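**Q** I have a structure I would like to understand better, so I am pasting it below and will then ask my questions one at a time.
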DNA sequence: CTTTGTGCCGGTAACGTTACCGGCACGATC
DNA sequence: GATCGTGCCGGTAACGTTACCGGCACAAAG
């Protein structure tokens, strides 16, 4: 376990030259004779030299690393966004550090703090607990960051989010066009702007049909939570169900089956997100699709513009959504 | 965008003391008078000092970081293992860097290389393309690493893997006990030790019932691949299906439904892994459960023992598996 | 009064690497 | 022969931080 790495100093000694020359040789810089260069490279290989990239970056005053703060990377939604970020980051030579917060305020604070301490070049954050004040603090630091998936009032921010009002509208309208009139919305807590916007779309579609909102319940996120709520609502009369996300919808499918209600005959169900399992469940899920991979790519590119000073004014990107019609509605 | 961070030097100047004193004050070390300490801390806060953790670790010659090399972190199986690693790593004050390889040899090499260049303290790797020779190279570096999910012959290695022979045995035996005799195994490519071991269990169970292996096909990983294969095999006669993993099984469920075969009446299906969606599909999936979260925890702890020199001899951990019986078989 | 201790602090070096500058040797140019 | 350019190389400092040591001042102990 003698975990001692070879340094350029070791190479310099062995080659009988200075560390400067070694550095220049290894980095293909001028001011090194062909013979010296060859010798240095050979010795480096012989000794098993592995360059210390952190030392290089430290010296250069950058980390070529960005931080990503998500609530839960094992959630298929974020997993795919992350992949988009990671792929485009790698393309530009950036590393990505992922921080999970489990929707906990302390964790969210600490995640950002750790990333700042690590001197990442920028941060992509999908806030769950942060309010405008916390975001404000970040702005004051004059530190490059992009907000993903959430919309704040402050208009100095870089944000990528999807058109949730339209998504809610499309989902609800689809149910209405299928003749459903008693449409229940199974929503997440409304303190999240996403939940508010999807609800807004829901209301808008109903209004277009001259209807009042029928019913909306807010629940905690997670499969069990949704399953229990549907079982609880067994006596409520509804023929359409618009769920905040696919996890809710998949839970609802299971609960409705247990309650003896047929989907889509008795209740038509629409989800949101189009996670990969949406098409595998039975019946396959009609849902609103967000291009998660694309969202990740856009987020990174926006951050990159900041890092390179290609852009200094704030930018918002509103991603389009579309309805994927399958069997459940 | 004046991304200039405050350093202890700035604090030292403002406080009229040396950087040493500042360092000691900020780290609660002795040899600082209470007044000086107070003053330093105040100035640090006023100036918005954020310590450069990389510089600290650089100075200390450690990174307090480990690397994880997985084929695809958006795969729910690895996502959960990763969570186990991350949680226990954080408990010990370690950061985790995740590298995705997409089952590509070059990526796998580069991932390890990048991690070494970053001087991570250790690596957890779930190899897909590496053969014994590549592993050998790692061993020669005398670098702490743990292999996850795969078993190599070399017995100097630290490995965590699950009892795949038993898993294959349990799955097959269950099908046999349900009266199935024509059991097809939908396997991954046999160059993977995991695939070989699960097949071994399959053969063993059949032998116990005095039967020869019925049929086994090897396919590429992924949902489409499995779906297509089952559609292709429409004319093959089988009443039991043992799948290499749940993704295969879920794809098979869909294909069988399209082919008009009822599960479990016509074909009983058993998957492997018990990913979270296994219980949500219709019919819910009978499968072999690996405690993925636990596997991640164990992997980190084994690595930690190495890092702390608590253990110097190799160690293998074989995790138990068990059968989760649901509707599909 | 001298010694010994101790509380407090600063100087210097170091982690591994690269940027910057200066210098030497040699050949070419006047 | 003096000057200049250029190819090649090394010395020094620096990134931000901490370890180590030495030193000063003052109090306690002999």
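Protein chains in written order, with our numbering: chain H, 1 to 329; chain V, 1001 to 1329. Just so it is clear, CB atoms sit at the ideal spot from N, CA and C, and this is done for glycine as well. None of the values given here were measured: they were computed from a predicted structure.
Which residues of the segment 74-94 of chain H have a Cβ closer than 8 Å to any Cβ of chain V? Give them in chain order.
**A** Cβ contacts with chain V come from 74, 76, 79, 80, 82, 83 and 86.
**Q** Check whether the Cβ atoms of residue 1285 of chain V and residue 1249 of chain V lie closer than 8 Å to each other.
**A** Reading the second chain from its first residue, position 285 is the one you call residue 1285 of chain V. Reading the second chain from its first residue, position 249 is the one you call residue 1249 of chain V. Cβ atoms of residue 1285 of chain V and residue 1249 of chain V: closer than 8 Å.
**Q** Kindly indicate if chain H contains any beta-carbon less than 8 Å away from that of residue 1281 of chain V.
**A** Walking along the second chain from the start, residue 1281 of chain V turns up at place 281. Taking Cβ atoms only, chain H reaches closer than 8 Å to residue 1281 of chain V, which makes this a yes.
**Q** Taking its Cβ as the centre, do 16 or more other Cβ atoms sit within 10 Å of residue 215 of chain H, making it buried, or is it exposed?
**A** By one-based count along the first chain, residue 215 of chain H stands at place 215. Looking at its Cβ environment, which holds fewer than 16 other Cβ atoms inside 10 Å, residue 215 of chain H is exposed.
**Q** I need the boundaries of the alpha helix (DSSP H) containing residue 169 of chain H, first residue and last residue.
**A** Within the first chain, the letter at position 169 stands for residue 169 of chain H. 164-177 is the span of the alpha helix (DSSP H), which, as asked, contains residue 169 of chain H.
**Q** Decide if the segment 1163-1171 of chain V is in contact with the segment 1199-1209 of chain V; the criterion is three or more beta carbon pairs, one per stretch, under 8 Å apart.
**A** At 8 Å Cβ cutoff, the stretches touch.
**Q** Under three-state DSSP, which class holds residue 296 of chain H?
**A** The residue given as residue 296 of chain H occupies position 296 in the first chain. Correct three-state label for residue 296 of chain H: helix.
**Q** With 16 other CB atoms within 10 Å as the buried threshold, where does residue 1002 of chain V fall?
**A** Translated into the one-based positions of the second chain, residue 1002 of chain V becomes position 2. Legend: pLDDT at residue 1002 of chain V = 48, less than 50; position of this residue unreliable, value from coordinates given subsequently. It is exposed - the Cβ of residue 1002 of chain V has fewer than 16 other Cβ atoms within 10 Å.
**Q** With DSSP run on the structure shown, which of helix, strand or coil describes residue 1086 of chain V?
**A** Counting from 1 along the second chain, the entry for residue 1086 of chain V is found at position 86. Residue state, collapsed to three classes: helix.
**Q** What does the alpha-carbon distance come out to for the pair residue 125 of chain H and residue 112 of chain H?
**A** One-based indexing of the first chain puts residue 125 of chain H at position 125. One-based indexing of the first chain puts residue 112 of chain H at position 112. The alpha-carbon atoms of residue 125 of chain H and residue 112 of chain H are separated by roughly 9 Å.
**Q** Are any of the Cβ atoms in chain V nearer than 8 Å to that of residue 317 of chain H?
**A** As a working mapping, residue 317 of chain H is identified with position 317 in the first chain. Residue 317 of chain H does not count as touching chain V.
**Q** What are the residues in the segment 45-65 of chain H lying within 8 Å of chain V by C-beta distance?
**A** Listed in sequence order: 48, 50, 51, 52, 53, 54, 55, 58 and 63.
**Q** Pair every Cβ in the segment 1175-1182 of chain V with every Cβ in the segment 1133-1147 of chain V, then say whether three or more of these pairs are closer than 8 Å.
**A** Because the criterion of three Cβ pairs below 8 Å is not met, the segment 1175-1182 of chain V and the segment 1133-1147 of chain V do not touch.
**Q** For residue 1027 of chain V, count the other beta carbons within 10 Å of its own beta carbon; 16 or more makes it buried, fewer makes it exposed. Which is it?
**A** Here residue 1027 of chain V corresponds to residue number 27 of the second chain, with the count starting at 1. Exposed is the call here.
**Q** Between the beta-carbon of residue 101 of chain H and the beta-carbon of residue 108 of chain H, is there less than 8 Å?
**A** Here residue 101 of chain H refers to the residue found at position 101 of the first chain. Here residue 108 of chain H refers to the residue found at position 108 of the first chain. Yes, the Cβ-Cβ distance between residue 101 of chain H and residue 108 of chain H is below 8 Å.
**Q** Do you know offhand how far residue 19 of chain H's Cα is from residue 1019 of chain V's?
**A** Translated into positions along the first chain, residue 19 of chain H becomes position 19. Translated into positions along the second chain, residue 1019 of chain V becomes position 19. Their backbone Cα atoms lie some 29 Å apart in a straight line.
**Q** For the alpha helix (DSSP H) that residue 196 of chain H lies in, which residues bound it at each end?
**A** Walking along the first chain from the start, residue 196 of chain H turns up at place 196. Element bounds for residue 196 of chain H: 193-208.
**Q** Is the CB of residue 161 of chain H under 8 Å away from at least one CB in chain V?
**A** Working through the first chain from its first residue, we reach residue 161 of chain H at position 161. No, because no Cβ of chain V sits closer than 8 Å to the Cβ of residue 161 of chain H.
**Q** Which one of V:1053, V:1130, V:1007 and V:1175 has the shortest CA to CA distance from residue 1242 of chain V?
**A** For the purposes of this step, residue 1242 of chain V is taken as residue 242 along the second chain, with counting starting at 1. Comparing Cα positions, the closest option is V:1175.
**Q** Could you work out which residue in V:1252, V:1222 and V:1309 is closest to residue 1270 of chain V when comparing CA atoms only?
**A** Counting from one through the second chain, the residue named residue 1270 of chain V turns up at place 270. Closest by alpha carbon: V:1252.
**Q** Kindly indicate the opening and closing residues of the alpha helix (DSSP H) around residue 1040 of chain V.
**A** The residue given as residue 1040 of chain V occupies position 40 in the second chain. Per DSSP, residue 1040 of chain V belongs to the alpha helix (DSSP H) from 1034-1047.
**Q** Among H:315, H:294 and H:262, which one has its Cα closest to the Cα of residue 327 of chain H?
**A** To locate residue 327 of chain H, count along the first chain from 1; it is residue 327. Comparing Cα positions, the closest option is H:262.
**Q** With distances taken Cα to Cα, identify the nearest neighbour of residue 1325 of chain V among V:1302, V:1297 and V:1283.
**A** Here residue 1325 of chain V corresponds to residue number 325 of the second chain, with the count starting at 1. Nearest of V:1302, V:1297 and V:1283 to residue 1325 of chain V, Cα basis: V:1283.
**Q** From the beta carbon of residue 212 of chain H, is the nearest beta carbon of chain V less than 8 Å away?
**A** For the purposes of this step, residue 212 of chain H is taken as the residue at position 212 of the first chain. So no, residue 212 of chain H is outside the interface.
**Q** Spell out whether any CB of chain H is found under 8 Å from the CB atom of residue 968 of chain V.
**A** There is no way to answer for residue 968 of chain V, as the model of chain V reaches only from 1001 to 1329.
**Q** If you follow the alpha helix (DSSP H) that residue 1020 of chain V is part of, which residue opens it and which one closes it?
**A** Reading the second chain from its first residue, position 20 is the one you call residue 1020 of chain V. Run containing residue 1020 of chain V: 1019-1026, per the alpha helix (DSSP H) assignment.
**Q** Can you say whether residue 1106 of chain V is buried or exposed, counting buried as having 16 or more other CB atoms within 10 angstroms of its CB?
**A** What you label residue 1106 of chain V is simply residue 106 of the second chain in a count that begins at 1. Answer is exposed; the Cβ neighbour count stays below 16.
**Q** Alpha carbon to alpha carbon, what distance is there between residue 1050 of chain V and residue 78 of chain H?
**A** On the first chain, position 78 is the one that residue 78 of chain H refers to. On the second chain, position 50 is the one that residue 1050 of chain V refers to. Taking the straight line from one Cα to the other gives about 29 Å.
**Q** Tell me which same chain residues have a C-beta within less than 6 Å of the C-beta of residue 1268 of chain V, skipping the five on either side of it?
**A** On the second chain, residue 1268 of chain V is found 268 positions in, with the first residue counted as 1. If we look at residue 1268 of chain V and ignore the five residues flanking it on each side, its Cβ neighbours are 1175, 1178, 1180, 1240 and 1329.
**Q** Quick check on residue 135 of chain H: does DSSP put it in helix, strand or coil?
**A** Against the first chain, residue 135 of chain H aligns to sequence position 135. Helix, per DSSP.
**Q** Which of helix, strand or coil does DSSP assign to residue 160 of chain H?
**A** For the purposes of this step, residue 160 of chain H is taken as the residue at position 160 of the first chain. Looking at residue 160 of chain H - three-state DSSP - the assignment turns out to be strand.
**Q** Can you round the beta-carbon distance between residue 1121 of chain V and residue 1062 of chain V to whole angstroms, since I take them to be within the 8 Å contact cut?
**A** The sequence position of residue 1121 of chain V within the second chain is 121, counting from 1. The sequence position of residue 1062 of chain V within the second chain is 62, counting from 1. At roughly 6 Å, the Cβ-Cβ gap stays under 8 Å, so residue 1121 of chain V and residue 1062 of chain V are in contact.
**Q** Let me make sure I understand the geometry here. Which of V:1152, V:1260 and V:1291 has the alpha-carbon closest to that of residue 1315 of chain V?
**A** Within the second chain, numbered from 1, the residue matching residue 1315 of chain V stands at position 315. Minimum Cα distance to residue 1315 of chain V is reached at V:1152.
**Q** By the three-class DSSP mapping on this structure, what secondary structure does residue 1329 of chain V have?
**A** Numbered from 1 along the second chain, position 329 holds the residue referred to as residue 1329 of chain V. Residue 1329 of chain V falls in the coil class under three-state DSSP.
**Q** Residues in the same chain with beta-carbon distance under 7 Å from residue 1039 of chain V, minus the five sequence neighbours each way, listed in chain order, please.
**A** As a working note, residue 1039 of chain V is residue 39 in the second chain. Hits under 7 Å: 1015.
**Q** Please go through the same chain and pick out, in chain order, the residues whose beta-carbon is closer than 8 Å to the beta-carbon of residue 97 of chain H, but skip the five residues on each side of it.
**A** Residue numbering aside, residue 97 of chain H sits at position 97 when the first chain is read from its first letter. Here the set comprises 65, 66, 67, 68, 115, 118 and 120.
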